Amino acid sequence: MDEQTKKSRILVVEDETFLRDLYVEILADEGYEVDTAADGAEGLKKIQMGGYDLILLDIVLPKMDGIEILKNIKANPPQNKNGSIVMLTNLGQEAVISEGVSLGVRGHIIKSDYTPDKLIAEVKQLLAA
Numbered sequence: 001m002d003e004q005t006k007k008s009r010i011l012v013v014e015d016e017t018f019l020r021d022l023y024v025e026i027l028a029d030e031g032y033e034v035d036t037a038a039d040g041a042e043g044l045k046k047i048q049m050g051g052y053d054l055i056l057l058d059i060v061l062p063k064m065d066g067i068e069i070l071k072n073i074k075a076n077p078p079q080n081k082n083g084s085i086v087m088l089t090n091l092g093q094e095a096v097i098s099e100g101v102s103l104g105v106r107g108h109i110i111k112s113d114y115t116p117d118k119l120i121a122e123v124k125q126l127l128a129a
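Quick note on the UniProt record's numbering: the sequence shown kicks off at 1 and runs consecutively.
Next comes the structure, spelled out in structure tokens:
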């Protein structure tokens, strides 16, 4: 485990319990400090508190979707800054991805396309940038 891994805080905003728990297990096993939110309102609250090195943000969420969260963050940036935000989606919809990029996300992960190894490689690349 390198110094970057030990210090990195990651927020996973995902409503699907199985996926959220899987991401936590994969990332924690790599030495990352992982926090979670199960819906959009909880995710926005944690994002507004700030201090995360990376945020994995699902787009389809109860209470408030990921795009609404991104719009809120853009209008009201957290005082304690966060690192990159990456969209988690089952959708390969270009319009949603483009809107996310215009709101400041660094990229997207299509959940069905990612294995644990690919997820870790992507996270490491995003944290190193």
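Where is the CB? At the ideal position from N, CA and C, for every residue including glycine.
Keep in mind the model is a prediction, meaning the values are calculated, not measured.
Please list, in chain order, all residues of the same chain as residue i whose beta carbon is under 7 Å from its beta carbon, the five residues on each side excluded.
{"i": "LEU127", "result": "GLN4, SER8, ASP53, LEU54"}
{"i": "HIS108", "result": "VAL86, MET87, THR89, ILE97, GLY100"}
{"i": "ASN72", "result": "LEU44"}
{"i": "LYS46", "result": "LEU11, ASP35, ALA37"}
{"i": "ASP39", "result": "ASP15, LEU61, PRO62, LYS63"}
Is it right to say residue i is buried, meaning 16 or more other beta carbons lie within 10 angstroms of its own, or is it exposed?
{"i": "GLY66", "result": "buried"}
{"i": "GLY104", "result": "exposed"}
{"i": "ASP113", "result": "exposed"}
In terms of alpha-carbon separation, which member of the options lies closest to residue i?
{"i": "LYS63", "options": "LYS81, SER112, ALA41, GLU94", "result": "ALA41"}
{"i": "ASP21", "options": "ASN76, LEU70, ALA121, PRO116", "result": "PRO116"}
{"i": "GLN48", "options": "VAL24, LEU11, THR17, TYR23", "result": "LEU11"}
{"i": "ALA129", "options": "SER102, LEU57, GLY83", "result": "GLY83"}
{"i": "GLU94", "options": "GLN125, LYS118, VAL123, ILE59", "result": "ILE59"}
{"i": "SER102", "options": "GLN125, GLU68, PRO78, LYS118", "result": "GLU68"}
Assuming the contact rule is C-beta atoms closer than 8 Å, residue i and residue j should be a hit. Round their C-beta distance to whole Å, please.
{"i": "ASN80", "j": "GLY51", "result": "5 Å"}
{"i": "VAL13", "j": "LEU57", "result": "5 Å"}
{"i": "VAL123", "j": "LEU19", "result": "Actually they are not in contact, since the Cβ atoms of VAL123 and LEU19 sit about 15 Å apart, beyond 8 Å."}
Q) Unbroken beta strand (DSSP E) runs of length 3 or more, entirely within the segment 21-106: which are they? A) With a minimum length of 3 residues, the continuous beta strand (DSSP E) runs that stay inside the segment 21-106 are 33-37, 54-58, 84-89.
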